[in-house]
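All remarks here apply to the structure that follows.
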Amino acid sequence: MDVVIIKYNAGNIRSVDFALKRMGIEAEITDDIQRIYAAKKVIFPGVGEASGTMKYLMENGLDKVLKRLSQPVLGICLGQQLMCEWSEEGNTDCIGIFDQPVLKFPPQDKVPHMGWNQLLNPVGPLFKNVQEGAYAYFVHSYYVPVCDDTVAECDYINRFSAAMHKNNFYATQFHPEKSGETGQRVLENFISL
Amino acid sequence: MLAKRIIPCLDIRDGKTVKGVNFLDIKEVGDPVELGAKYAMDGADELVYLDITASHEKRKLFSELVQRIAANLNIPFSVGGGINELRDADILLSAGADKVSVNSAVVRDPELVDQIARGYGSQFVIVAIDAKLEKGRWQVYINGGRQPVSKELFTWAREVQERGAGEILFTSMNHDGTKNGFACDALKELSEILSIPVIASGGAGTEKHFEDVFKSGKADAALAASIFHYNEIPIPKLKNYLKEHHINVR
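In order, the protein sequences belong to chains R and G. FYI, in our numbering the residues of the first sequence are 1 to 193. FYI, in our numbering the residues of the second sequence are 194 to 443.
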């Protein structure tokens, strides 16, 4: 399977690569635009801060590349957020695949939302064989509200999008690469799309 | 609902997992990678690897081990010990660590918390605090509990939160190794004054102690070592106990 992980100035890229290796998949970590266009599957992971990361993507033309991709793309964590319209983090214009804002959690509970929380109403191909209420690992201070593209919800302070899907674009706020067997199933489901 | 986390802690010396009692009398207990993978299978929510010799002997960072851990583990893990500058954190991030925990170095140079948080995000930095209750005051210690410094637990915890710490890992030196329960009063106070998660450490001996630390101590996560290493409380059994006592665990 020809899988590419987009290389950019965000953390956590290595963990996704390791998770794929555990599934027997040798992915290529690259920022080469031609390679990204040609890949069968593209993963856009990330932990970090929105404005600095977005600036880097724009300087390297990766924002436009991502938007134009027609193969299955999976954004993870910050990846999901950057695929939205705008982020409250650093008042950042994002890639705009999902027509949604990214908002900061109000301080009614501890922020970041950190740890294992349940997936509610998981639907669609990403969640084949994933049970209602299965636990996934989250670490984030910003969230995407529940919307038409939401394919799994999570409840922390308020309901938000744990995962999204629109056309060939998929995204998870949780980290499938760190979510034990549930996460592995989500990655397997994405790879076998 | 967000689950309370159970975190086995693996102390590493010379690439092996060890466990001391009251920071002394160190015994070997097994291969860190195998032990970590076993805990992940058992339902551990996260792991902490601490290079216990690094801080005072200036040992080289154990990034090769971290890479092996990252390759084999499908749950998050943090690493600590010997992180003295931003570059040390960078090496561990590249090796695949999800978080770093910093302790002595940030007492000496608090600005390091800001630097790591700015560089890699708050979620990447846990500030570990060792403290001992002395004459009614929680005195902070560094260098593996060897050296007292002019800091008090609650003020210091608030300061590092302001500087961008994503979590606090508080070890009560009075409770560590005793198996008489966690420092629930101090933990409750910490949890109430902070807006970031608190990991409780030191004193776990029974399943009831975990129930107490979540209910009375208001901790977000509880860490323990020997009771897991010696299988005194298997993690699945602990989690069943907590579920029966209405604590939300995975």
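Note that beta-carbon positions come from the ideal geometry of N, C-alpha and C, so glycine has one too.
Which whole-angstrom value is the C-beta distance of residue i and residue j, which I expect to be below 8 angstroms?
i: VAL295/G; j: VAL306/G; result: 7 angstroms
i: ASN424/G; j: GLY396/G; result: In fact, because the Cβ distance is near 19 angstroms, the residues do not count as touching under 8 angstroms.
i: VAL102/R; j: VAL144/R; result: 6 angstroms
i: CYS77/R; j: CYS84/R; result: With a Cβ gap of about 12 angstroms, CYS77/R and CYS84/R do not count as contacting.
i: TYR142/R; j: SER87/R; result: 6 angstroms
i: ALA310/G; j: ALA358/G; result: 7 angstroms
Exposed or buried, which one is residue i when buried takes at least 16 other CB atoms within 10 Å?
i: MET58/R; result: exposed
i: ALA350/G; result: buried
i: SER394/G; result: buried
i: PRO125/R; result: exposed
i: ILE426/G; result: buried
i: ASN158/R; result: exposed
i: ARG68/R; result: exposed
i: THR182/R; result: buried
i: GLU89/R; result: buried
i: SER384/G; result: buried
i: LEU193/R; result: exposed
i: PRO122/R; result: buried
i: ASN267/G; result: buried
i: GLU239/G; result: buried
i: GLN316/G; result: buried
i: GLN340/G; result: exposed
i: LYS251/G; result: For LYS251/G, the predicted structure reports a pLDDT of 44, less than 50, and the residue's modelled location is therefore unreliable. The matter cannot be settled from this model.
i: GLY24/R; result: exposed
i: ILE386/G; result: exposed
i: MET114/R; result: buried
i: LYS128/R; result: exposed
i: LYS41/R; result: buried
Between the Cα of residue i and those of the options, spot the shortest distance and give me the residue it belongs to.
i: GLU132/R; options: VAL3/R, ASP155/R and LYS64/R; result: ASP155/R
i: ALA39/R; options: GLY52/R, LEU74/R, ALA50/R and ILE97/R; result: LEU74/R
i: GLU28/R; options: VAL3/R, ASN9/R and SER51/R; result: VAL3/R
i: THR53/R; options: LYS7/R, ILE25/R, MET164/R and ARG68/R; result: LYS7/R
i: VAL333/G; options: VAL300/G, SER315/G, ILE319/G and GLY314/G; result: VAL300/G
i: TRP116/R; options: GLY180/R, ILE25/R, VAL47/R and VAL16/R; result: GLY180/R
i: SER161/R; options: VAL151/R, CYS94/R, GLY79/R and ASN168/R; result: VAL151/R
i: PRO72/R; options: GLN173/R, MET164/R and LYS21/R; result: MET164/R
i: MET194/G; options: ALA19/R, GLU49/R, TYR135/R and VAL16/R; result: TYR135/R
i: LEU362/G; options: LYS381/G, LEU416/G and VAL226/G; result: LEU416/G
i: PHE421/G; options: LEU228/G, GLY208/G and GLY274/G; result: LEU228/G
i: ILE440/G; options: PRO201/G, VAL406/G and ALA418/G; result: VAL406/G
i: ALA298/G; options: ALA324/G, GLY329/G, ASN265/G and ASN336/G; result: ASN336/G
i: GLU355/G; options: HIS438/G, ILE389/G and LEU285/G; result: ILE389/G
i: GLY410/G; options: ALA379/G, LEU435/G and GLY236/G; result: ALA379/G
i: LEU258/G; options: GLN308/G, LEU203/G, GLY357/G and ASP369/G; result: LEU203/G
i: LEU509/G; options: GLY273/G, HIS438/G, LEU346/G and LEU286/G; result: One cannot answer for residue 509/G here, as it falls past the ends of chain G, which runs 194 to 443.
i: VAL16/R; options: ALA358/G, LEU286/G, ARG443/G and ASP413/G; result: LEU286/G
i: VAL130/R; options: MET1/R, ASN9/R, TYR137/R and LEU119/R; result: LEU119/R
i: ASN167/R; options: PHE190/R, ASN189/R, GLN100/R and SER70/R; result: SER70/R
i: PRO106/R; options: GLY79/R, GLN100/R, ILE97/R and HIS140/R; result: HIS140/R
Grab me the residues of residue i's own chain with a C-beta within less than 8 angstroms of its C-beta, minus the 5 sequence neighbours each way, in chain order.
i: VAL65/R; result: ILE33, ILE36 and TYR37
i: ALA263/G; result: PHE270, ALA288, GLY289 and ALA290
i: SER343/G; result: none
i: ASP109/R; result: TYR156 and ILE157
i: THR92/R; result: ALA50, SER51, MET54 and TRP86
i: GLY236/G; result: ILE199, ILE428, PRO429, LYS432 and ARG443
i: GLU437/G; result: none
i: MET1/R; result: ILE25, LYS40, LYS41 and ILE191
i: THR449/G; result: Here chain G comprises residues numbered 194 to 443, so residue 449/G is not present and cannot be evaluated.
Residues in its own chain within less than 6 angstroms of residue i by CB, not counting five upstream and five downstream?
i: PRO176/R; result: GLY183, VAL186 and LEU187
i: SER365/G; result: ALA376 and GLY395
i: THR371/G; result: GLY396
i: VAL391/G; result: ILE361, LEU383, SER384, ALA412 and ASP413
i: VAL353/G; result: VAL306 and VAL320
Distance cutoff 7 angstroms, beta carbons only. Does residue i sit that close to anything in chain B?
i: ASP238/G; result: Going by chain labels, chain B is absent from the structure shown, which instead holds the protein chains R and G.
Leaving out five residues before and five after residue i in sequence, what residues of the same chain have Cβ atoms less than 7 angstroms from its Cβ?
i: ILE13/R; result: ILE5, LYS7, ILE29 and PRO45
i: GLY61/R; result: ILE33
i: GLY312/G; result: LEU279
i: LEU431/G; result: ILE199, GLU400 and PHE403
Sequence ranges, alpha helix (DSSP H) only - wholly within the region 410-438 of chain G, length at least 4: 419-422 and 428-437
Segments of 4+ residues assigned as alpha helix (DSSP H) that fall wholly inside the region 71-109 of chain R: 78-82
Runs of beta strand (DSSP E) wholly within the region 262-308 of chain G (minimum 3 residues, chain order): 270-273 and 292-295
Sequence ranges, alpha helix (DSSP H) only - wholly within the region 306-358 of chain G, length at least 4: 346-356
Length-filtered (4 minimum) alpha helix (DSSP H) runs lying within the region 155-181 of chain R: none
Length-filtered (3 minimum) beta strand (DSSP E) runs lying within the region 106-150 of chain R: 113-118 and 135-140
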